[in-house]
Amino acid sequence: MSERTNLMEGGKDEILLNVLHRAQEKHGYLSESVLKKISSKYSIPIAKLYGVVKFYTMFHTEPQGKNIIEICGSPSCVLNNGISLEQFLKSELKIKIGETTQDKLFSLYKTSCIGCCDEAPAMLLNRKPCTRLTIDSLKATIENLRKEAGEKKE
Ligand code: FES
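First residue of the sequence shown? That's 31 in my numbering, and the numbers climb one at a time after it.
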């Protein structure tokens, strides 16, 4: 049975999520035009697509920064200095959760547990777990990424 057929039959949310993931990987985010193409190809109402995309924090309808930081907001991390780390990131990057820096270098999000509770506090940086975080380790990471970006511009 084809993917298209499955989606048209409904009830195949997992396949729809895969389609959206692949589209986001390809385009960097799910723009209106990308969602319209998916809507048309799979005969899914655009409102349903927006509903799914807005429900899951992993989908983005705006262009993302080069580096995506997802700080864990679940209890083990929050109780292990996670709040200070989140405040540091917001202050250092001068953005709120869900925003992208003006230079498009960083986007900051909050995620639920990423399965690294035994090494809390943790975050994902470009989907890779970073654990046992401290303000110093975050400072160094951001500095390195800024430096790398500066070097690439030269
Ligand atoms: S609570 Fe943060 S990784 Fe589990």
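For glycine and all other residues, C-beta sits at the position ideal for the given N, C-alpha and C.
Just so it is clear, the structure is predicted and the values come from calculations on it, not from any experiment.
The shortest C-alpha to C-alpha distance from SER142 to any of PRO159, TYR72, ASN48, THR91 is the one to PRO159. Checking the DSSP bridge columns, you'll see LYS158 partnered with LEU155. Closest option to LEU109, judged by alpha-carbon separation, among ASP133, GLY58, LEU163, ILE172: LEU163. When distances are taken from the beta-carbon of SER104 to the heavy atoms of the ligand FES, the shortest one is below 7 angstroms. With a cutoff of 7 angstroms, ILE144 counts as near the ligand FES, since its C-beta is closer than that to a heavy atom of the ligand. ALA152 has its Cβ nearer than 7 angstroms to a heavy atom of the ligand FES.
With a cut-off of 7 angstroms, the C-beta of CYS107 is classified as near the ligand FES, since at least one heavy atom of the ligand falls inside that distance. If you compare the alpha carbons of GLN54, ILE99, SER114 with that of ASP166, the shortest gap goes to SER114. At a Cβ-Cβ threshold of 8 angstroms, ILE144 and LEU154 count as neighbours.
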